[in-house]
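**Q** Have a look at this one before I ask anything.
Protein chains in written order, with the numbering used here: chain A, 256 to 910; chain B, 50 to 225.
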């Protein structure tokens with residue numbers, strides 16, 4: 256080999272090294288770039304002096320383990336970042352809604368104004384204030400519910416976009432895999448492709464948690480959740496959809512089921528769409544259902560300023576009037592229980608309270624109507640088209656669901672001539688039946704040792720009162736748990752008895768709330784909750800009374816008491832506490848994610864720092880190296896010049 | 050050490066001795082230059098920074114010796130010029146040989162020819178080194194121009210994987 260060729264080989268090698276150094280410096284700011292160096296090898300041609308030098312390989316300075324750790328970190332960080340972004344959005348919805356504050360503060364406003372209303376329960380203006388508070392609360396609930404729906408829709412759309420990006424990247428990786436070929440004599444021509452491919456894997460790792468497998472030929476297979484997305488030069492497309500369980504899922508043609516443990520931004524979308532946001536929605540729905548059911552039941556089982564009703568239509572429709580109520584698509588399906596209906600003779604004031612039992616698993620709206628229609632002086636008509644029911648009282652009669660005491664005993668076995676009359680308002684906490692039994696015989700108000708015992712359905716003696724000598728016939732006996740009895744003049748005999756149904760829970764079935772019978776609200780959170788327009792239009796119908804007596808605000812007190820009752824979370828939290836806990840849950844989730852995200856950032860920084868020591872380029876170091884080369888060449892240049900001068904002198908000598 | 054013929058009795062022994070000594074000195078000087086050139090060439094060829102630095106240290110030493118060598122050469126020419134009664138600038142080995150005559154003349158002619166051949170060889174090496182160094186300096190200069198934005202952008206490896214060839218071209222690419 257000629258000295259010229261040997262020299263040229265060195266020149267070429269050195270030029271490549273210079274190119275490498277320049278390339279390393281030029282790409283120092285490119286995070287996907289891996290620094291490169293050259294492995295040199297002497298060229299041998301059998302002569303002792305050799306044939307120069309060649310570049311055996313231009314290799315990327317890369318650590319597979321470190322790259323995998325960085326990809327994992329990128330996935331985890333993208334996951335928490337994406338979750339944080341959405342949860343902070345949710346928190347902003349919950350933290351404030353316009354100028355009305357939070358749900359919890361609006362709930363407090365409602366209860367506070369209800370408390371204020373108790374001072375003047377018949378005041379229509381103050382009633383309107385409370386009703387408007389409730390309407391504002393309903394609007395906030397609707398707004399929050401809509402916001403959750405929008406978040407869910409956005410997440411589905413975002414998931415689709417991420418899936419598209421995943422498919423683009425896996426196709427890109429597969430294409431690059433196909434272009435990558437390793438040959439022993441390569442001069443780094445594939446390094447750019449390898450960097451590009453690894454960069455695409457890095458981008459993919461932000462979307463999904465990838466596992467890579469080096470195929471040994473320079474190609475890398477990519478797996479997500481144990482399923483292949485890239486094998487060699489083939490990519491497997493994924494798609495997203497919402498399944499029948501309303502879950503957003505991602506699947507591929509080759510996977511039998513949805514991909515799991517996706518991680519990354521796409522995994523975050525699935526976690527948010529399938530777990531966190533539905534959980535928040537459930538909490539909001541639980542609160543809403545409790546509030547609606549409680550206020551609806553209170554309203555339905557009370558009396559407005561105009562007393563009992565002569566006609567009433569249900570405000571919540573069933574999907575079918577003939578199917579069981581539990582299957583009738585009601586937003587607030589009723590539990591099994593009973594409904595007490597009082598029918599009042601408007602002329603005489605006599606009232607009879609009847610109980611109908613309702614089993615939603617078997618009873619349809621038609622069945623309920625039939626049962627109501629079985630009560631004297633009542634008629635219930637079902638509209639099969641609208642899925643609603645209208646209750647009509649016979650002329651001269653009115654009805655209510657307040658569970659008021661019948662004015663006459665519901666059952667009686669009296670052999671004498673005295674007539675019992677019932678009054679008052681039951682103050683007990685459970686539905687019961689009081690039985691009154693006469694001890695002794697004789698004329699009411701004159702006989703000696705004539706008493707009336709009262710006991711509950713468990714046989715417990717609740718009280719005993721003298722109805723003989725000393726008792727003024729027709730005057731009320733001391734009430735027992737609010738139930739007053741008066742016996743007219745006449746006779747009674749030992750063993751005579753009569754019974755009265757005492758009602759603390761007139762609608763244990765919750766049928767009034769389920770069907771929207773004289774309810775406080777109409778609709779629901781999903782379709783739009785609103786205060787019953789009938790109440791807003793006629794605040795006098797706001798049923799604040801439990802007895803219908805003038806000045807009675809028993810029902811309003813039930814509303815006020817609701818603010819302090821632990822009705823949620825297994826009867827451990829008030830509605831206000833539940834909302835605070837709800838907000839706290841979101842805040843806790845955000846706090847946890849923030850902590851994770853911060854830790855992930857720290858780990859990522861450490862990993863990138865380690866990567867720099869392996870793959871990265873220190874521009875200062877590289878530039879210093881180049882400057883040293885330049886100075887060296889300048890020094891060599893000076894030497895050459897000096898030698899040239901010296902040789903010129905010498906030429907003069909040797910001529 | 051150059052193997053020279055012994056001086057003849059008929060020639061001026063001192064002049065002959067002085068010429069032969071100087072030829073030996075020039076040979077040593079050329080040998081040192083050749084060694085240094087080979088060393089820097091090998092360092093450049095092999096891309097070794099440490100070897101390159103060592104070669105540069107040797108060159109610095111030789112640059113200092115070049116000055117001494119120039120002084121010694123000038124002094125020799127002045128001395129010989131005075132002896133032959135000619136101007137120092139006209140002193141050459143051929144002139145000295147012509148003054149000596151006989152076997153000494155022949156021996157000095159042979160020494161002159163070998164020295165001339167060595168000078169030509171070192172000059173070739175020096176030209177090759179000059180070419181090599183010039184190419185590297187040009188490459189560096191273009192790189193720095195490129196890096197500072199003073200020259201046309203080239204050779205930058207983009208995120209998309211494209212690596213356009215430098216505008217000045219790579220010698221490796223040129224070689225094909």
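Idealized CB from N, CA, C, for every residue including glycine.
Quantities reported herein were computed from a predicted structural model and do not represent experimental measurements.
Check residue 656 of chain A in the structure and name its three-state DSSP category.
**A** Coil.
**Q** Suppose you measure from the CA of residue 429 of chain A to the CA of residue 488 of chain A; what does that come to, to the nearest Å?
**A** Each residue's Cα considered, the two are about 4 Å apart.
**Q** Express the C-alpha separation of residue 278 of chain A and residue 203 of chain B in angstroms, rounding to a whole number.
**A** Per-residue confidence for residue 203 of chain B stands at a pLDDT of 42, beneath the threshold of 50, marking its modelled position as unreliable; no derived number is given.
**Q** Between residue 749 of chain A and residue 694 of chain A, how many whole angstroms is the CB-CB distance? I'm expecting something under 8 Å.
**A** Going by Cβ atoms, the distance from residue 749 of chain A to residue 694 of chain A rounds to 6 Å, so yes, they are a contact pair.
**Q** Inspect the CB distances between the stretch 546-561 of chain A and the stretch 366-375 of chain A and report whether three or more fall short of 8 Å.
**A** Contact between the stretch 546-561 of chain A and the stretch 366-375 of chain A is absent, because fewer than three Cβ pairs lie under 8 Å.
**Q** So is residue 887 of chain A in contact with chain B if we call contact Cβ pairs under 8 Å?
**A** Output row for residue 887 of chain A: interface = yes.
**Q** Is there a C-beta anywhere in chain D that falls below 8 Å from the one on residue 165 of chain B?
**A** Among the chains of the structure shown, chain D does not appear; the protein chains present are A and B.
**Q** Would you call the stretch 405-420 of chain A in contact with the stretch 466-474 of chain A, where contact means no fewer than 3 C-beta pairs closer than 8 Å?
**A** Verdict: no, contact absent.
**Q** Can you check which of these residues, B:85, B:112 and B:114, is closest to residue 100 of chain B by C-alpha distance?
**A** Nearest option by C-alpha distance: B:85.
**Q** Once you ignore the five residues that flank residue 585 of chain A on each side, which residues in its own chain have a CB closer than 7 Å to its CB?
**A** Contacts found: 571, 573 and 769.
**Q** What is the C-beta distance between residue 655 of chain A and residue 563 of chain A, in whole angstroms, given that I count them as a contact (C-beta under 8 Å)?
**A** Contact flag correct, Cβ pair sits at about 4 Å.
**Q** Please determine, among A:733, A:427, A:904 and A:895, the residue with the shortest C-alpha to C-alpha distance to residue 83 of chain B.
**A** Checked all of A:733, A:427, A:904 and A:895; the closest Cα to residue 83 of chain B is A:895.
**Q** Do you know whose CA, among A:651, A:632 and A:628, lies nearest residue 644 of chain A's CA?
**A** That would be A:628, whose Cα lies nearest to the Cα of residue 644 of chain A.
**Q** What are the start and end residues of each continuous alpha helix (DSSP H) run of 4 or more residues lying completely inside the stretch 460-512 of chain A, in chain order?
**A** If we require 4 residues or more, the stretch 460-512 of chain A turns out to have no alpha helix (DSSP H) run fully inside it.
**Q** Counting contacts by CB-CB distance shorter than 8 Å, is residue 149 of chain B in contact with chain A?
**A** No, residue 149 of chain B does not count as interfacial toward chain A.
**Q** Under 9 Å, CB to CB, which of the residues in the stretch 890-902 of chain A have a partner in chain B?
**A** Here the close residues are 890, 891, 892, 893, 894, 895, 896, 897, 898, 899, 900, 901 and 902.
**Q** How would you list, in chain order, the residues of chain A whose beta-carbon sits under 7 Å from the beta-carbon of residue 108 of chain B?
**A** Within 7 Å Cβ-Cβ: 890, 891 and 894.
**Q** Distance, Cα to Cα, residue 503 of chain A vs residue 480 of chain A?
**A** If you take the alpha carbons of residue 503 of chain A and residue 480 of chain A, they lie about 16 Å apart.
**Q** From this set, A:329, A:670, A:285 and A:291, which residue's C-alpha is nearest residue 862 of chain A's C-alpha?
**A** Among A:329, A:670, A:285 and A:291, the Cα nearest to that of residue 862 of chain A is on A:329.
**Q** Is residue 848 of chain A closer than 8 Å to residue 338 of chain A when the C-beta atoms are compared?
**A** Contact flag set, yes.
**Q** Taking the CB atoms as reference points, tell me whether residue 681 of chain A and residue 737 of chain A lie closer together than 8 Å.
**A** A contact, by the Cβ cut-off of 8 Å.
**Q** Do the stretch 491-502 of chain A and the stretch 380-390 of chain A touch if we need at least three Cβ pairs shorter than 8 Å?
**A** With a cut-off of 8 Å, the stretch 380-390 of chain A and the stretch 491-502 of chain A do not count as touching, because too few Cβ pairs lie within range.
**Q** Where residue 828 of chain A and residue 462 of chain A are concerned, what is the direct C-alpha to C-alpha distance, given to the nearest angstrom?
**A** Distance between the alpha carbons of residue 828 of chain A and residue 462 of chain A is about 40 Å.
**Q** Would the beta-carbon of residue 181 of chain B fall within 8 Å of that of residue 885 of chain A?
**A** No, they are not a contact pair.
**Q** Please say whether residue 658 of chain A and residue 786 of chain A have beta carbons closer to each other than 8 Å?
**A** Going by C-beta atoms, residue 786 of chain A is not nearer than 8 Å to residue 658 of chain A.
**Q** Quick check: the Cα distance between residue 688 of chain A and residue 715 of chain A, rounded to an integer number of angstroms?
**A** Going by the C-alpha atoms only, they are around 11 Å apart.
**Q** Using a Cβ-Cβ cutoff of less than 6 Å, which residues in the same chain neighbour residue 900 of chain A once the five nearest sequence positions on both sides are dropped?
**A** Once the five neighbours on either side are set aside, residue 900 of chain A has no close Cβ partner at all.
**Q** Name, please, each residue of chain B whose Cβ falls closer than 7 Å to the Cβ of residue 904 of chain A.
**A** Under the 7 Å cutoff, chain B gives 119 and 122.
**Q** I need the boundaries of the beta strand (DSSP E) containing residue 622 of chain A, first residue and last residue.
**A** Element bounds for residue 622 of chain A: not the beta strand (DSSP E) but the alpha helix (DSSP H), 620-628.
**Q** Looking at the strands, I want to know which residues DSSP matches up with residue 679 of chain A.
**A** Answer is A:738.
**Q** Interface residues of chain A around residue 64 of chain B at Cβ under 8 Å?
**A** Result: empty, since nearest Cβ-Cβ is about 15 Å, beyond 8 Å.
**Q** Relative to the C-alpha of residue 888 of chain A, which residue among B:121, B:105, B:166 and B:114 is closest?
**A** The candidate whose alpha carbon is nearest that of residue 888 of chain A is B:105.
**Q** Please determine if the stretch 63-80 of chain B and the stretch 143-153 of chain B are in contact, where contact requires at least 3 C-beta pairs separated by less than 8 Å.
**A** Touching, yes.
**Q** Would residue 662 of chain A be called buried (16 or more neighbouring beta carbons within 10 Å of its own) or exposed?
**A** Buried, because 16 or more other Cβ atoms sit within 10 Å of the Cβ of residue 662 of chain A.
**Q** Output, in chain order, the set of chain A residues within a Cβ distance shorter than 8 Å of residue 141 of chain B.
**A** Near residue 141 of chain B (Cβ distances below 8 Å), the residues of chain A are 907, 908, 909 and 910.
**Q** Taking the alpha helix (DSSP H) that residue 433 of chain A falls in, what are its first and last residues?
**A** That run of the alpha helix (DSSP H) goes 379-434.
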